[in-house]
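**Student:**
2 protein chains.
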Amino acid sequence: MYIQQLIDKGYPVKEFPKDSIIYEPGMQPRFVYFIKKGEVRMVTVNDAGKEFIQGVFKTGQYFGEPALLINKPYLAYTIVSKNSELIPVGKTDFLNLLKDDADFSMNLIKVLSNRLFYKSMMLEELAGEKAEHRLETIINYLFLEVSSGESLKVTRQDLADMTGLRVETVIRGVKLLADKGLINLNRGKIMKV
Amino acid sequence: MYIQQLIDKGYPVKEFPKDSIIYEPGMQPRFVYFIKKGEVRMVTVNDAGKEFIQGVFKTGQYFGEPALLINKPYLAYTIVSKNSELIPVGKTDFLNLLKDDADFSMNLIKVLSNRLFYKSMMLEELAGEKAEHRLETIINYLFLEVSSGESLKVTRQDLADMTGLRVETVIRGVKLLADKGLINLNRGKIMKV
DNA sequence: CTATTGATATGATGCAGATCATAATTTAAG
DNA sequence: CTTAAATTATGATCTGCATCATATCAATAG
């Protein structure tokens, strides 16, 4: 991965404790952040304080490029979910990285394509499908990075914040899906068969 | 633009009449399409036949890269909105284009970033905001590429298909926004001041 | 000018999911 | 083990938007 290269080049690693805010909506982007270790979430918040999870980023991934590259202020918060070590890379350096390293450039293109895919899928769900369908879709999506016999490590509140629903609706919806045999529950945990 | 270069290189231009379908959900991607002239829309359709407009692409733009690059079947239809002339570029050729032309590569990255931005904005709206707010947001966004004194050239149905609302809700919502002085109507047309 | 089609408009009714309230259960902390 | 905090659970009520039905208006073709 590219993270070791950055460290070798002398980029400093910064510690971000859980729940700290890396940036807020309205701020002008200055860095792309590479995650040496940890986990962050990008969330938008409406006037009523309702959160929506735009994305989750984990060890080895990076975030914050789109706003930086198109020079628009952030529209989301990025918040540390687990104590993290991040490597901020300034705009000029990031652009040089893209220019000099065709592989990285290609990697970014694929990463952006994957994020677009996810967002297109979720837009279709939020625009056209009701609670149960949304839940089935997001659960199957999350299952992709979980092995059989394991359970999803997200709370009902997390599912709510990813689908635009309310906790109570998620709780009831998940139960309905279980009743219909579409998912498996084990002491409340959503299990991949 | 890159289109003339493609023509010079001998890529054939194909005609697509209005309402023809370029590709459907489930199909395996084989081309990226450059629009020499015309307009297409990417739409997802739910089981009940309700359409959601994922994006609109016009003369000079290109579409279809994400699914091609990450090797997943399309999840949307792409339908011709105005008689169009398209240049399909096969996967290998498109990858070579990216490899050999750093400018194009950078252009794609920015294009993808802009699309992500739009989708993030709309996700926040669909997940957390109600009809009036959604409409105000999409109208202001569409205003970006319209000059003052001009009107939006979209129908209420188009607005509905971009916001996940129903036509009747859009009609009522637009009227409410006009009553509140948040937008200007002229014989039903939404005017940019 | 007239007919046809598409777009906008308006009222009435129904329902999915939000909201509010409270409780049971699980997990984490001391 | 015990207590506190977080998560899951369940019922009752409220509400914004969908849905259905029908009408008016605007645009386009002949």
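Protein chains in written order, with full-length UniProt numbering: chain A, 1 to 193; chain B, 1 to 193.
Using N, Cα and C, we set each Cβ at its ideal position, and we do this for glycine too.
Since residue 70 (chain A) meets chain B, which of its residues come closer than 8 Å, beta carbon to beta carbon?
**Tutor:** The contacting residues are 110, 113, 114, 117.
**Student:** Between residue 135 (chain A) and residue 188 (chain A), how many whole angstroms is the CB-CB distance? I'm expecting something under 8 Å.
**Tutor:** Not confirmed; about 15 Å, so no contact.
**Student:** Taking all protein chains shown into account, decide if residue 27 (chain A) is buried (16 or more other Cβ within 10 angstroms of its Cβ) or exposed.
**Tutor:** Exposed, because fewer than 16 other Cβ atoms sit within 10 Å of the Cβ of residue 27 (chain A).
**Student:** Here's the rule: buried if 16 or more other CB atoms are within 10 angstroms of the residue's CB, otherwise exposed. What is residue 193 (chain A)?
**Tutor:** Flag for residue 193 (chain A) reads exposed.
**Student:** Rounding to the nearest angstrom, what Cα-Cα distance links residue 5 (chain A) and residue 103 (chain A) in this structure?
**Tutor:** Cα-Cα distance, rounded: 13 Å.
**Student:** What three-state label does DSSP hand residue 121 (chain A) in the structure shown?
**Tutor:** Residue 121 (chain A) falls in the helix class under three-state DSSP.
**Student:** Excluding the 5 residues flanking residue 148 (chain A) on each side, which residues of the same chain have their C-beta closer than 6 Å to its C-beta?
**Tutor:** Cβ within range, chain order: 192.
**Student:** Cβ of residue 34 (chain A) within 8 Å of Cβ of residue 84 (chain A)?
**Tutor:** Not a contact, by the Cβ cut-off of 8 Å.
**Student:** Smallest Cα separation from residue 30 (chain A): which of A:45, A:54, A:90, A:168?
**Tutor:** Closest by alpha carbon: A:90.
**Student:** Can residue 126 (chain A) and residue 123 (chain B) be called in contact, C-beta distance under 8 Å?
**Tutor:** Yes, the pair counts as a contact, with Cβ atoms nearer than the cut-off.
**Student:** Cα-Cα, which of B:190, B:171, B:177, B:161 is closest to residue 52 (chain B)?
**Tutor:** Among B:190, B:171, B:177, B:161, the Cα nearest to that of residue 52 (chain B) is on B:161.
**Student:** Kindly identify the DSSP beta-bridge partner or partners of residue 162 (chain A).
**Tutor:** DSSP, once it has assigned bridges, lists no residue as partnering residue 162 (chain A).
**Student:** Is residue 187 (chain A) helix, strand or coil by DSSP?
**Tutor:** Reduced to three states, the DSSP call for residue 187 (chain A) is coil.
**Student:** Please report the residue range of the beta strand (DSSP E) in which residue 86 (chain A) lies.
**Tutor:** Note, residue 86 (chain A): beta strand (DSSP E), 77-90.
**Student:** Taking just the CA atoms, how far does residue 88 (chain A) sit from residue 7 (chain A)?
**Tutor:** Going by the C-alpha atoms only, they are around 11 Å apart.
**Student:** Does DSSP put residue 156 (chain B) in a helix, a strand or coil?
**Tutor:** Here residue 156 (chain B) sits in helix by DSSP.
**Student:** Alpha carbon to alpha carbon, how far is residue 176 (chain A) from residue 62 (chain B)? Give it in angstroms, no decimals.
**Tutor:** Roughly 42 Å separates the two Cα atoms.
**Student:** Taking beta-carbon pairs under 8 Å, can you tell me which members of the region 78-108 of chain A lie near chain B?
**Tutor:** Result list: 98, 99, 102, 105, 106, 108.
**Student:** Going along chain B, which residues have a C-beta under 8 Å from residue 137 (chain A)?
**Tutor:** The premise fails here: residue 137 (chain A) is roughly 11 Å from chain B at the closest Cβ pair, so nothing lies under 8 Å.
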